[in-house]
Amino acid sequence: MADPYLRFWLAFLDSGLPDIQRGRGDLVLARIAKSWSSWRGRAVEPVVRESLRRMPDGSLPEGTAVAGGYWTRSNDPEIDIVGADREPVAKRITVVGSVKWLRDRPFDEHDLARLLTHRTRLPGADERTPLLAVSRGGATTSGVTMLVPEDLLAAWRD
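Going by our numbering, the first residue of the sequence shown is number 22, and it counts up by one from there.
Structure follows, in structure tokens:
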């Protein structure tokens, strides 16, 4: 579903209408607050991927023509960003990445370790496949190309 407002409505408000009608909007607000961080992270991923597609040549590893995601039926691994040379079936994986859109936590060593593990489980990727992190709060680790919100916004301006 492409419409973020409809996704939000279906995730939180549609099922909460009976509570709202009973004057218990506070219950709906509590459910939103409890799930907000996780929901926001998933909601921003399509925007991040579209921003990557719009970035000027040279911003991503050479040969990156498309950006998508990868997951198995069990969601293990679940990789937020997979750059490739073409779609729908890539000949070459050009970059593997993670989106961390937390307000008060940067991309860190734990996130990098998880991304490294997931890269080993992605068909077509190996230890030479570059790593990318997109984070609202920057990074506290090295070994990964870092993009922050300003980088994503710049892709929409050009």
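By construction, the Cβ of each residue, glycine as well, lies at the ideal position given by its N, Cα and C atoms.
Exercise for the section: Just tell me which of V103, G79, L81, P82 has its CA closest to the CA of G90. Expected result: What you label residue 90 is simply residue 69 of the sequence shown in a count that begins at 1. The shortest Cα separation from G90 among V103, G79, L81, P82 belongs to V103.
Practice task
From the DSSP output, in three-state form, read off K112 for me.
Solution key: Here residue 112 refers to the residue found at position 91 of the sequence shown. If DSSP states are grouped into helix, strand and coil, K112 belongs with coil.
Exercise for the section: Along the beta strand (DSSP E) that carries W92, what are the first and last residues, could you check? Expected result: Position 71 of the sequence shown, counting from 1, holds the residue named residue 92. Note, W92: beta strand (DSSP E), 87 to 92.
Problem - Pairwise C-alpha distance: T161 and S80 - result: By one-based count along the sequence shown, residue 80 stands at place 59. By one-based count along the sequence shown, residue 161 stands at place 140. So the alpha carbons of these two residues sit roughly 21 angstroms apart.
Exercise for the section: Work out the CA separation of G44 and V65 for me, nearest whole Å. Expected result: On the sequence shown, residue 65 is found 44 positions in, with the first residue counted as 1. On the sequence shown, residue 44 is found 23 positions in, with the first residue counted as 1. Cα-Cα distance, rounded: 31 angstroms.
Handout entry: Meets three-Cβ-pair contact criterion under 8 angstroms: the segment 138 to 158 and the segment 94 to 113
Key = Segments in contact, yes.
Exercise for the section: Using the DSSP secondary-structure output, state which residues sit across from F128 in a beta bridge. Expected result: Stepping through the sequence shown from its first residue, residue 128 is reached at position 107. Partner(s): A160.
Handout entry: Rounded distance between the beta-carbons of L133 and V117, thought under 8 angstroms
Key = Within the sequence shown, the letter at position 96 stands for residue 117. Within the sequence shown, the letter at position 112 stands for residue 133. V117 to L133, Cβ: 12 angstroms. No contact.
Handout entry: Bounding residues of the beta strand (DSSP E) (the contiguous stretch that carries A51)
Key = Here residue 51 refers to the residue found at position 30 of the sequence shown. In the DSSP assignment, A51 falls outside any beta strand (DSSP E) and within the unbroken alpha helix (DSSP H) covering 46 to 75.
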